[in-house]
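Asks: Numbering (my numbering), first residue to last: 4 to 77. Heads up, the beta-carbon is just placed ideally off N, CA and C, and yes, glycines get one too. Before we start, here is the structure in question, set down as C-alpha coordinates.
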(Lines of atoms letter the chains of each structure in order from A and count residues from 1; the text may use other names and numbers.)
(Lines give C-alpha, C1' and ligand atoms only; values in the text may rest on other atoms or scores of the structure.)
Protein backbone atom coordinates (compact mmCIF):
# COMPACT_ATOMS: atom_id res chain seq x y z
CA UNK A 1 0.00 0.00 0.00
CA UNK A 2 2.88 2.34 0.69
CA UNK A 3 4.06 2.15 -2.92
CA UNK A 4 0.55 3.04 -4.15
CA UNK A 5 0.53 6.15 -2.00
CA UNK A 6 4.02 7.06 -3.17
CA UNK A 7 2.97 6.69 -6.81
CA UNK A 8 -0.14 8.78 -6.17
CA UNK A 9 1.96 11.43 -4.48
CA UNK A 10 4.35 11.53 -7.45
CA UNK A 11 1.41 11.83 -9.84
CA UNK A 12 -0.15 14.66 -7.84
CA UNK A 13 3.19 16.47 -7.67
CA UNK A 14 3.68 16.07 -11.43
CA UNK A 15 0.21 17.44 -12.15
CA UNK A 16 0.76 20.43 -9.88
CA UNK A 17 4.16 21.11 -11.45
CA UNK A 18 2.68 20.88 -14.95
CA UNK A 19 -0.14 23.29 -14.13
CA UNK A 20 2.30 25.78 -12.57
CA UNK A 21 4.49 25.62 -15.68
CA UNK A 22 1.48 26.06 -17.95
CA UNK A 23 0.36 29.07 -15.93
CA UNK A 24 3.80 30.62 -16.20
CA UNK A 25 3.99 29.94 -19.93
CA UNK A 26 0.64 31.59 -20.61
CA UNK A 27 1.19 34.68 -18.49
CA UNK A 28 -0.43 33.84 -15.16
CA UNK A 29 0.66 37.18 -13.74
CA UNK A 30 -1.38 39.02 -16.37
CA UNK A 31 -4.60 37.14 -15.52
CA UNK A 32 -4.38 36.52 -11.79
CA UNK A 33 -3.49 38.76 -8.90
CA UNK A 34 -0.82 37.71 -6.44
CA UNK A 35 -2.26 36.00 -3.42
CA UNK A 36 -3.57 32.74 -2.05
CA UNK A 37 -6.24 30.74 -3.82
CA UNK A 38 -8.18 27.91 -2.17
CA UNK A 39 -8.80 24.80 -4.27
CA UNK A 40 -12.55 24.30 -4.68
CA UNK A 41 -13.21 20.72 -3.56
CA UNK A 42 -16.65 20.70 -5.21
CA UNK A 43 -15.09 21.34 -8.63
CA UNK A 44 -11.89 19.32 -8.24
CA UNK A 45 -10.93 15.68 -8.21
CA UNK A 46 -7.72 13.83 -7.43
CA UNK A 47 -7.06 10.47 -9.02
CA UNK A 48 -4.17 8.23 -9.93
CA UNK A 49 -3.24 5.24 -12.05
CA UNK A 50 -0.65 2.61 -11.12
CA UNK A 51 0.95 0.19 -13.54
CA UNK A 52 0.70 -3.44 -12.40
CA UNK A 53 3.16 -5.99 -13.81
CA UNK A 54 3.33 -4.01 -17.05
CA UNK A 55 0.17 -5.74 -18.30
CA UNK A 56 -2.53 -3.79 -16.53
CA UNK A 57 -3.15 -0.74 -14.41
CA UNK A 58 -5.15 0.04 -11.32
CA UNK A 59 -7.00 3.33 -10.98
CA UNK A 60 -7.98 5.02 -7.77
CA UNK A 61 -9.25 8.29 -6.41
CA UNK A 62 -9.35 10.30 -3.23
CA UNK A 63 -12.83 11.17 -2.01
CA UNK A 64 -11.72 14.32 -0.20
CA UNK A 65 -9.15 16.89 -1.21
CA UNK A 66 -8.15 20.33 -0.10
CA UNK A 67 -5.36 22.71 -0.87
CA UNK A 68 -4.14 26.20 -1.50
CA UNK A 69 -2.12 27.73 -4.32
CA UNK A 70 0.03 30.73 -3.51
CA UNK A 71 0.77 32.89 -6.53
CA UNK A 72 3.67 35.32 -6.54
CA UNK A 73 4.13 36.69 -10.06
CA UNK A 74 7.50 38.31 -9.28
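Since residue 69 and residue 39 should fall inside the 8 Å C-beta cutoff, what is the C-beta to C-beta distance between them, to a whole number of angstroms?
Replies: Position 66 of the chain shown, counted from the first residue, corresponds to residue 69. Position 36 of the chain shown, counted from the first residue, corresponds to residue 39. That pair is no contact at about 13 Å.
Asks: Under the rule that 16 or more other beta-carbon atoms within 10 Å means buried, what is residue 32, buried or exposed?
Replies: Along the chain shown, one-based indexing puts residue 32 at 29. At residue 32, the pLDDT of 49 sits below 50, so the modelled position is not reliable and the matter cannot be decided from this model.
Asks: Helix, strand or coil, according to DSSP, for residue 60 in the structure here?
Replies: The residue given as residue 60 occupies position 57 in the chain shown. If DSSP states are grouped into helix, strand and coil, residue 60 belongs with the strands.
Asks: Exposed or buried, what is residue 65 when buried is set at 16 or more other beta-carbons lying within 10 Å of its beta-carbon?
Replies: For this step, residue 65 is matched to residue 62 along the chain shown. Exposed, since its Cβ has fewer than 16 Cβ neighbours within 10 Å.
Asks: Measure how close the beta-carbons of residue 15 and residue 49 come, nearest whole angstrom, since I'm counting them as under 8 Å.
Replies: Here residue 15 corresponds to residue number 12 of the chain shown, with the count starting at 1. Here residue 49 corresponds to residue number 46 of the chain shown, with the count starting at 1. At roughly 6 Å, the Cβ-Cβ gap stays under 8 Å, so residue 15 and residue 49 are in contact.
Asks: Residue 54 lies in the beta strand (DSSP E); which residues open and close that run?
Replies: Numbered from 1 along the chain shown, position 51 holds the residue referred to as residue 54. Per DSSP, residue 54 belongs to the beta strand (DSSP E) from 49-55.
Asks: What residue from 67, 61, 9, 54 has the CA that sits closest to residue 46's CA?
Replies: Translated into the one-based positions of the chain shown, residue 46 becomes position 43. Of 67, 61, 9, 54, the residue nearest in Cα terms is 67.
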